[in-house]
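Participant: According to the numbering used here, numbering within the sequence shown proceeds without interruption in unit steps and concludes at 813. We treat Cβ as the ideally placed atom computed from N, Cα and C, and that holds for glycine. Everything numeric in this text was worked out from a predicted model, so none of it was measured. I am attaching a structure below and will ask some questions about it afterwards.
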Amino acid sequence: MKKGFLKAMGSLLVTTSILIGCSSDAEELEGSSADYYELNNEIEDIGDILGEHEIVILGESTHWSSEIAKQKVDLIDYLAEEHGFNKLFLETGDSEFNYYKESGLPIIEGINHLYQQEMFEKYWDGKTEGIRALPMDWSPNFTDNRSTSISVLEKNIVDEISEYDLELAEEFKRSEFALRDWFSKGVHQGKKVGYFERPTDIYEDITSQSFFGDLTSETKNYILSRQDNIEKYYSKISFEDGAASYNDYREIGMSEKVLEQMESNDKAIVWVANLHSNYDVTSIEYTNETYVEDKMNERVESLGALLRESEHSVYNVGLFHNEADNYELLPEDYATPRSEADETLEGYIGNRVQKNVFIDFATSDFIEENQYTVYWAGYYDYRMVPQEQFDGLIYIDHIKE
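So this is what it looks like as structure tokens:
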């Protein structure tokens, strides 16, 4: 009897110990909120992490989703209101942006397609939300994405210069087209078409004229901006060997323009694609044939790394989405299926949580530190280790538009 009783008590103690241990582990796991934060319900916790920094980079895995843009806008508005962020840098050309802004013409004419959505209107004057949009790119904007299109900007400047020198105005128009044509064929069409140089430096010719001081301030600033961008960036790249040099100077230019516009006590958000914000592009394996053709594997510069090397405290957030029903900002129907393989970053996260979440790598080991296949717009694949490229990430489980 005694022997049986002790055996039973021993079993009970072991079982109780196991249950207590399991209960303790479960409570610890349940209380470990640092694994991830729900994007919509725990924005205060996310803000506390991001708000400690002077520059927050908000990446994205497609420029074509209004749903992703809305998620980012909600976070930006919170950071502006609660943590004092006052500048929002956008991936759009500064020459065109500043002309339309200064002239009072509709800013929508001078910005990239992504930012033409109504949700961005509140950022143009910087008064509505306390945060003001600024350009950080040097590459040209095209009306309707066609290099042959004549923008309101170009027509206005041609008309203005024509009042003083008709021949100079026509040469300005030809030079603007030559630059856009060279750029669009080199970058967007993959054609190696030589150089954009004209027989004369039209921008220098215009600034040296006696009438230059009589032009409107927006026209003068546009010409000076274009001239400066040509000297610093356009003239440094060639498409004879693909887009390798362009890829690097794009990063250099955007980082310089962000830092040039940062003043004392500023706090900035940088809105950019993931492929610009990566910290270590040399460790990324670009596997998609488009990336291989564009010589992305030869990249050595990135906006994220260049900003991290500055005097500012930087937090870099990558953003990745899983399945998509439709990309609203594309003219044609386009959808991507759900990633379910653990070998993909989207599948690895999506197999464990079907929510929109933020993950901080400094406090969370939710994602194993491995190399994963990741996607741009659900289609263009490349491979990388997330923790090497970002300080944290946002995961969007399912986008409908």
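1) So, helix, strand or coil for HIS465, using DSSP?
2) Using only alpha-carbon positions, find the residue among ILE808, LEU742, PRO547, VAL726 that is nearest to VAL765.
3) So, do the stretch 559-577 and the stretch 509-523 have three or more beta carbon pairs nearer to each other than 8 Å?
4) Can you have a look at GLU652 and say buried or exposed, based on whether 16 or more other CB atoms are within 10 angstroms of its CB?
5) Consult DSSP for ILE806 and reduce its assignment to one of helix, strand or coil.
6) Mapping the DSSP letters down to three states, classify ASP772 as helix, strand or coil.
7) Measure the C-alpha to C-alpha separation of TYR760 and ASP640 and round it to an integer number of angstroms.
8) Among GLY790, ALA655, HIS475, which residue has its Cα nearest to the Cα of GLY598?
9) Classify VAL426: buried if its beta carbon has 16 or more other beta carbons within 10 angstroms, exposed otherwise.
10) I'd like to know whether the C-beta atoms of GLU630 and SER515 end up nearer to each other than 8 Å.
11) From the DSSP output, read off the bridge partner residues of PRO547.
12) Helix, strand or coil for LEU731, going by three-state DSSP, please let me know.
13) Taking the straight line between their C-alpha atoms, what separation do you get for HIS465 and SER574?
14) Helix, strand or coil: how does DSSP classify ILE642 here?
15) Could you check the C-alpha separation between TYR576 and TYR794 for me, to the nearest Å?
16) Just the Cα atoms here: how many angstroms apart are ASN728 and LEU636?
17) Quick check on this structure: which residue in LYS482, PHE497, TYR512 has the alpha carbon closest to the alpha carbon of LEU526?
18) Using a 10 Å radius around the Cβ and a threshold of 16 neighbouring Cβ atoms, would you call PHE532 buried or exposed?
19) Leaving out five residues on either side along the sequence, give the residues of the same chain with a beta carbon under 7 Å from the beta carbon of GLY505.
20) Which same chain residues end up closer than 6 Å to GLU697 when comparing Cβ atoms and leaving out the 5 residues on each side of it in sequence?
21) At what residues does the beta strand (DSSP E) containing ARG795 begin and finish?
22) Around the Cβ of SER695, are there at least 16 other Cβ atoms within 10 angstroms (buried) or fewer (exposed)?
Facilitator: Taking the geometry as given:
1) It is coil, neither helix nor strand.
2) Distances from the alpha-carbon of VAL765 to those of ILE808, LEU742, PRO547, VAL726 put ILE808 closest.
3) The stretch 559-577 vs the stretch 509-523: in contact.
4) Exposed, by the Cβ-count rule.
5) Residue state, collapsed to three classes: strand.
6) Three-state result, ASP772: strand.
7) If you draw a straight line from the Cα of TYR760 to the Cα of ASP640, it is about 45 Å long.
8) The candidate whose alpha carbon is nearest that of GLY598 is ALA655.
9) In this prediction, VAL426 has a pLDDT of 36, which is less than 50 and means its spatial position is unreliable; what the coordinates show is noted afterwards. With fewer than 16 other beta carbons inside 10 angstroms of its own, VAL426 counts as exposed.
10) Contact flag set, yes.
11) Its beta-bridge partners are LEU502.
12) DSSP, reduced to helix, strand and coil, places LEU731 within a strand of the structure shown.
13) Distance between the alpha carbons of HIS465 and SER574 is about 49 Å.
14) ILE642 falls in the helix class under three-state DSSP.
15) A direct Cα-Cα distance of roughly 53 Å separates TYR576 from TYR794.
16) Their backbone Cα atoms lie some 32 Å apart in a straight line.
17) For LEU526, the nearest C-alpha among the options comes from LYS482.
18) Its Cβ being crowded by 16 or more others within 10 Å, PHE532 is buried.
19) Apart from sequence neighbours up to five positions away, the residues of its chain that approach GLY505 with a beta-carbon distance below 7 Å are PRO547, ASP549, TRP550, SER551, PRO552, ASN553, ordered along the chain.
20) Closer than 6 Å at the Cβ level, and outside the excluded window around GLU697, lie ARG795.
21) In the DSSP assignment, ARG795 falls within the beta strand (DSSP E) that extends over 792-796.
22) When all chains shown are included, SER695 counts as exposed.
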